[in-house]
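Beneath this line is the structure, given in structure tokens, with notes to follow.
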Amino acid sequence: MPGATLPLAVLALFLGAALVGALSPRIGRSATAWLAAAAMAVPALLLAPLVPAAFAGEVVVFRIPWLTAWGLDLSFRFDGLGLLFSLLILGIGQLIVLYAAYYMPKKDGLGRLYGTLLAFAGGMLGVVLSENLLLLVVCWEITSITSFLLIAYKHDEVEARIAARMALAVTGGGGLALLAGVLLLGRITGSLELSVILASGEAIRAHALYPVMLVLVLLGAFTKSAQFPFHFWLPNAMAAPTPVSAYLHSATMVKAGVFLLARLFPALSGTPEWFGLVSGTGAVTLVYGAYVALLKHDLKGLLAYSTVSHLGLITLLLGMETELSTVAAVFHIINHATFKASLFMAAGIIDHECGTRDMRRINGLFRFMPRTAVLGMVAAAAMAGVPLMNGFLSKEMFFTEAVEHPALAGYAYLLPAFATLAGLLSVAYSIRFVHDVFFNGDPIDLPRAPHEPVRWMRAPVGILATLCLVVGLLPQLSVGALLWTASAAALGGPPPAYKLAIWHGFNLPLAMSLVALAGGVLWYRFRHVLYGLHERFAPKLKSPAAFERVFNAAARFSRSVFAALDTGSLRRYLAFLVLAALGLGLFGHMGAGPAPLAGDLPHTPTDPAAWGALLALLVGAFGCAAMHRRRLIAVVFASVVGLIVSLTFIRFSAPDLALTQLSVEVVTIVLLLLALRYLPTEAPREAPAGRRARDIAIAAAGGAGATALAYAMLTRPFETVSGWFTANAVEGGGGTNVVNVILVDFRGFDTLGEITVLAIAALGAHALLEGLRLRPLAGSAESAADRHPVMLAMLMRPLLPLALTAAFYILLRGHNLPGGGFIAGLITGVVLILQYLAVGIEVTSARLRVDHLRLFALGLGLAVGTGLASMAFGAPFLTGTHGYVPIPLVGKTHLASALVFDLGVYLTVVATVLLVLSELGRLSHRERAGMAGSPAGLRPPATRAEAAVAGTPTAAGEGRA
Numbered sequence: 001m002p003g004a005t006l007p008l009a010v011l012a013l014f015l016g017a018a019l020v021g022a023l024s025p026r027i028g029r030s031a032t033a034w035l036a037a038a039a040m041a042v043p044a045l046l047l048a049p050l051v052p053a054a055f056a057g058e059v060v061v062f063r064i065p066w067l068t069a070w071g072l073d074l075s076f077r078f079d080g081l082g083l084l085f086s087l088l089i090l091g092i093g094q095l096i097v098l099y100a101a102y103y104m105p106k107k108d109g110l111g112r113l114y115g116t117l118l119a120f121a122g123g124m125l126g127v128v129l130s131e132n133l134l135l136l137v138v139c140w141e142i143t144s145i146t147s148f149l150l151i152a153y154k155h156d157e158v159e160a161r162i163a164a165r166m167a168l169a170v171t172g173g174g175g176l177a178l179l180a181g182v183l184l185l186g187r188i189t190g191s192l193e194l195s196v197i198l199a200s201g202e203a204i205r206a207h208a209l210y211p212v213m214l215v216l217v218l219l220g221a222f223t224k225s226a227q228f229p230f231h232f233w234l235p236n237a238m239a240a241p242t243p244v245s246a247y248l249h250s251a252t253m254v255k256a257g258v259f260l261l262a263r264l265f266p267a268l269s270g271t272p273e274w275f276g277l278v279s280g281t282g283a284v285t286l287v288y289g290a291y292v293a294l295l296k297h298d299l300k301g302l303l304a305y306s307t308v309s310h311l312g313l314i315t316l317l318l319g320m321e322t323e324l325s326t327v328a329a330v331f332h333i334i335n336h337a338t339f340k341a342s343l344f345m346a347a348g349i350i351d352h353e354c355g356t357r358d359m360r361r362i363n364g365l366f367r368f369m370p371r372t373a374v375l376g377m378v379a380a381a382a383m384a385g386v387p388l389m390n391g392f393l394s395k396e397m398f399f400t401e402a403v404e405h406p407a408l409a410g411y412a413y414l415l416p417a418f419a420t421l422a423g424l425l426s427v428a429y430s431i432r433f434v435h436d437v438f439f440n441g442d443p444i445d446l447p448r449a450p451h452e453p454v455r456w457m458r459a460p461v462g463i464l465a466t467l468c469l470v471v472g473l474l475p476q477l478s479v480g481a482l483l484w485t486a487s488a489a490a491l492g493g494p495p496p497a498y499k500l501a502i503w504h505g506f507n508l509p510l511a512m513s514l515v516a517l518a519g520g521v522l523w524y525r526f527r528h529v530l531y532g533l534h535e536r537f538a539p540k541l542k543s544p545a546a547f548e549r550v551f552n553a554a555a556r557f558s559r560s561v562f563a564a565l566d567t568g569s570l571r572r573y574l575a576f577l578v579l580a581a582l583g584l585g586l587f588g589h590m591g592a593g594p595a596p597l598a599g600d601l602p603h604t605p606t607d608p609a610a611w612g613a614l615l616a617l618l619v620g621a622f623g624c625a626a627m628h629r630r631r632l633i634a635v636v637f638a639s640v641v642g643l644i645v646s647l648t649f650i651r652f653s654a655p656d657l658a659l660t661q662l663s664v665e666v667v668t669i670v671l672l673l674l675a676l677r678y679l680p681t682e683a684p685r686e687a688p689a690g691r692r693a694r695d696i697a698i699a700a701a702g703g704a705g706a707t708a709l710a711y712a713m714l715t716r717p718f719e720t721v722s723g724w725f726t727a728n729a730v731e732g733g734g735g736t737n738v739v740n741v742i743l744v745d746f747r748g749f750d751t752l753g754e755i756t757v758l759a760i761a762a763l764g765a766h767a768l769l770e771g772l773r774l775r776p777l778a779g780s781a782e783s784a785a786d787r788h789p790v791m792l793a794m795l796m797r798p799l800l801p802l803a804l805t806a807a808f809y810i811l812l813r814g815h816n817l818p819g820g821g822f823i824a825g826l827i828t829g830v831v832l833i834l835q836y837l838a839v840g841i842e843v844t845s846a847r848l849r850v851d852h853l854r855l856f857a858l859g860l861g862l863a864v865g866t867g868l869a870s871m872a873f874g875a876p877f878l879t880g881t882h883g884y885v886p887i888p889l890v891g892k893t894h895l896a897s898a899l900v901f902d903l904g905v906y907l908t909v910v911a912t913v914l915l916v917l918s919e920l921g922r923l924s925h926r927e928r929a930g931m932a933g934s935p936a937g938l939r940p941p942a943t944r945a946e947a948a949v950a951g952t953p954t955a956a957g958e959g960r961a
């Protein structure tokens with residue numbers, strides 16, 4: 001199927017990240033680098049068969065149905081724009097892998113770096129290959145999180161931690177804005193698929209929500225691509241290792257924002273709002289970044305601000321909205337990725353060999369590192385837009401569009417003048433890079449004697465610098481086809497006629513280039529005047545300090561609000577919840593005028609049995625509330641309530657619910673009784689009488705409100721979906737037990753969520769009980785004795801296999817008769833509890849020999865695997881199938897795939913019971929071991945301070961007597 005390799009290409013990078021992280025400590029540094037390189041190569045091989053279609057102008061879409069009704073399909077798209085960015089991500093990524101192997105210190109095993117880098121590449125590839133915008137947002141956030149980890153790679157350094165927090169705060173906030181914008185875009189078009197959105201441009205631009213949606217989407221793009229005033233995170237992200245800077249902050253991550261602008265260009269552009277916001281932001285960023293780059297003494301700082309400037313140029317070109325300006329933007333994306341990645345790697349080589357990046361000290365390096373210097377000068381010339389370099393060509397296209405743009409007809413000179421000024425500044429900081437580093441005297445007090453790096457460390461720089469020269473000399477031959485197909489994808493149609501050539505004759509754009517080159521030289525010549533003015537008048541506050549102040553202020557404010565609202569009182573939380581529900585209920589009831597409480601439906605006839613059940617229910621509920629301090633009696637009253645509810649289900653012909661409720665009651669009540677062994681017999685006294693009266697009033701009002709709501713609903717006619725489920729249970733789900741078909745087929749996604757929550761709750765109980773240290777109950781010798789009823793122990797020998805057989809029968813018949821995985825799991829749980837009571841947890845565990853954690857994994861894996869299997873056949877997630885299957889010696893038997901899902905439910909429930917029982921067994925074992933302490937109950941592990949005072953060891957075995 002065309003496009004089937006698209007999700008595999010993204011998945012391959014994430015699997016590669018996991019393999020690198022897991023195997024790196026075992027296979028060594030060199031093998032880790034080879035494994036990372038292979039992980040980068042696999043997606044390229046998977047995408048290679050689709051490249052001819054992209055060059056032909058075709059769009060390959062591959063869709064994996066999931067929640068189609070909600071617009072949540074796993075959809076992937078491959079076109080010219082996706083091809084271009086895939087080449088940047090995988091091609092430059094491969095060079096970064098090679099570069100990092102020689103750049104990073106020998107003591108670094110590279111597993112963490114390569115693993116995170118591959119995960120980032122997977123997220124970035126997911127962004128550029130997404131057809132569904134929600135999938136794009138998910139991958140967008142993956143890049144934010146992984147870039148945070150990469151920037152904080154040197155986490156022992158304060159600067160790295162601050163820079164990582166800054167990047168995550170800015171790009172994460174922009175990601176939230178993008179999510180809101182995407183949801184609004186889906187609301188406008190009725191779809192989250194790019195194919196629909198790109199074809200709905202006129203409807204989108206005419207919609208009343210367009211301005212709000214546009215601002216939100218642009219916030220996501222601007223924060224990711226470091227546009228002013230969100231630019232500050234990018235220069236500070238230079239605290240990351242140089243391979244990270246060369247990959248994330250020149251070729252990939254910062255390109256995600258401009259990619260989004262290019263991807264949505266056909267749908268969102270063509271309005272004054274787009275032109276004003278996008279071109280205005282890009283213009284300010286272009287000049288501001290270039291100006292600040294001239295002032296930086298740190299080599300990577302200069303390159304970072306020049307990156308900000310060039311990203312502003314790309315944004316400006318996309319905002320100008322002409323067809324050729326979009327082509328120029330795409331062309332500059334290609335050129336900037338090549339020369340800026342090579343410049344960052346050259347800067348890393350200089351730092352690696354000299355021990356510093358301070359341009360006031362690393363002078364005259366041409367004599368010591370001539371090969372690196374030549375490569376750096378070639379890349380810097382491309383950045384400056386010198387003729388015969390690739391940057392010159394895209395700059396010429398920018399100048400041409402500035403001259404011919406119709407937006408400022410009355411002030412036609414403004415845009416060309418602005419473009420010339422921007423070009424002049426780029427020449428100036430490029431000259432500074434070359435002159436201050438490779439010439440300008442001798443090195444000053446360097447930590448290390450400079451020399452050329454090893455050949456393979458310099459090779460990636462050489463490859464990219466060569467590309468800068470090849471594209472500059474042979475543009476049409478080298479990059480013409482790629483530029484055409486990527487531009488066509490960005491424009492949503494064939495691009496206008498243009499010519500990629502070194503020479504277009506003497507014209508105004510060429511004159512602007514010459515003025516920019518000469519002006520850049522003069523600006524650099526008189527740079528000291530600029531430095532003096534800047535030092536005198538510019539504000540002194542640095543962005544990391546400002547960010548930390550804002551961050552700390554926000555943290556203090558959130559803590560104060562949290563302390564005021566979150567008092568840790570469950571009583572207060574419940575009071576707020578109940579009062580809010582009452583208020584909303586009264587508002588809804590009184591909003592359109594008070595309606596009568598009772599409806600027109602007649603009451604259901606009652607009999608003495610119903611009144612008796614109601615009386616028992618009231619006694620059980622009231623007794624549990626009144627006697628809650630005496631824990632054993634409260635549990636007994638609670639069991640009465642559960643029993644009556646089970647009988648009520650039987651009365652209304654719901655055997656599945658009755659079986660489930662009864663099984664739940666037996667399991668939970670017995671587990672509660674077992675847990676009471678380790679708790680005091682009475683709960684502590686509550687608040688004063690006045691507060692208790694207030695709580696009783698709130699609870700009574702809440703109960704009366706819920707009763708009134710139920711009464712009002714049950715006395716009015718209403719329609720349910722039960723008729724549809726009853727009519728489609730056999731044909732759609734392959735079962736006659738409608739309740740079970742709903743659980744494992746029609747609403748299987750809900751059930752999957754429920755068993756996942758059940759597993760999380762069981763693991764939470766495991767975590768809570770794992771570290772507790774037991775104080776024996778009063779009468780320690782007697783209470784710690786192992787007392788198991790002999791009669792029960794004898795009965796359980798034949799009863800255990802019979803009960804497990806019955807549970808398995810209940811599981812198998814659940815699709816057609818009352819039963820199913822949940823009920824069978826609870827029955828098995830009851831059997832296991834009886835086994836525990838009969839012989840103890842140690843004997844029970846020895847007989848079963850089951851690892852409950854693996855059982856969790858198996859149960860959830862079977863449930864999820866059922867859904868994934870349906871997707872493999874092109875059906876939505878968790879779509880069931882059924883039919884007659886021939887079985888040897890049995891014949892044709894009707895089976896449903898939901899049985900496997902039900903088996904996963906069964907195993908998860910059994911694992912939950914086993915986990916709780918094992919923890920209770922460990923507590924019992926600790927009690928028999930006679931741990932120190934006099935009062936009955938549980939206590940947490942001793943802290944180090946407590947251990948030092950009490951003379952007892954801590955949980956880690958520390959402490960002094």
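Letter by letter, the sequence shown follows residues 1 to 961 of UniProt numbering. Glycine included, C-beta positions come from ideal geometry on N, C-alpha and C. Since the structure is predicted, the reported quantities are computational estimates derived from the model, not experimental observations.
Status (buried if at least 16 other CB within 10 Å, exposed otherwise) for residue i
{"i": "Gln476", "result": "exposed"}
{"i": "Arg165", "result": "buried"}
{"i": "Thr372", "result": "buried"}
{"i": "Gly779", "result": "For Gly779, the pLDDT reaches just 42, beneath the cut-off of 50, and the residue's location in the model is therefore unreliable, although a value from the coordinates is still provided. Exposed, because fewer than 16 other Cβ atoms sit within 10 Å of the Cβ of Gly779."}
{"i": "Pro495", "result": "buried"}
{"i": "Trp484", "result": "buried"}
{"i": "Pro2", "result": "exposed"}
Cα-Cα separation, residue i to residue j
{"i": "Leu117", "j": "Ile89", "result": "11 Å"}
{"i": "Thr171", "j": "Ser144", "result": "6 Å"}
{"i": "Pro684", "j": "Leu826", "result": "32 Å"}
{"i": "Phe433", "j": "Leu302", "result": "8 Å"}
{"i": "Ala785", "j": "Val561", "result": "Its pLDDT being 45, under 50, Ala785 is placed unreliably by the model, and the measurement read from it follows with that caveat. C-alpha separation (whole angstroms): 51 Å."}
{"i": "Leu81", "j": "His310", "result": "19 Å"}
{"i": "Val905", "j": "Val640", "result": "27 Å"}
{"i": "Leu113", "j": "Leu150", "result": "7 Å"}
{"i": "Ala625", "j": "Gly583", "result": "25 Å"}
{"i": "Val619", "j": "Arg556", "result": "49 Å"}
Own chain, CB closer than 8 Å to residue i, minus 5 neighbours either side, in chain order
{"i": "Gly937", "result": "Unreliable placement is indicated for Gly937, whose pLDDT of 45 sits below 50; the coordinate value is still reported in the next sentence. Contacts found: Tyr678, Leu679, Pro680 and Arg775."}
{"i": "Ala37", "result": "Gln94, Val97 and Leu98"}
{"i": "Asp600", "result": "Thr715, Arg716 and Pro717"}
{"i": "residue 972", "result": "This structure cannot speak to residue 972, because the chain is shown only from 1 to 961."}
{"i": "Phe877", "result": "Pro65, Trp66, Leu67, Phe749, Gly867, Leu868, Ser870 and Met871"}
Integer Cβ distance of residue i from residue j, believed to fall under 8 Å
{"i": "Gly820", "j": "Val909", "result": "Actually they do not touch by this definition, with Cβ atoms about 10 Å apart."}
{"i": "His815", "j": "Ala898", "result": "6 Å"}
{"i": "Leu6", "j": "Leu129", "result": "6 Å"}
{"i": "Leu261", "j": "Thr315", "result": "7 Å"}
6 Å CB neighbourhood of residue i in its chain, flanking five on each side removed
{"i": "Glu159", "result": "Ala239"}
{"i": "Gly201", "result": "Pro266 and Ala267"}
{"i": "Val284", "result": "Phe228"}
Residues of its chain near residue i, where Cβ-Cβ distance is below 7 Å and the 5 sequence neighbours each way are ignored
{"i": "Pro43", "result": "Ala9, Ala12, Leu13, Leu90 and Leu125"}
Beta carbon proximity, residue i to chain D, threshold 9 Å
{"i": "Ala481", "result": "Looking at the structure shown, chain D is missing, and only one protein chain is on hand."}
Bounding residues of the beta strand (DSSP E) (the contiguous stretch that carries residue i)
{"i": "Lys395", "result": "Taken as a continuous stretch (DSSP letters only), Lys395 belongs to no beta strand (DSSP E), being part of the alpha helix (DSSP H) at Asn390 to Glu404."}
{"i": "Arg63", "result": "Val60 to Leu67"}
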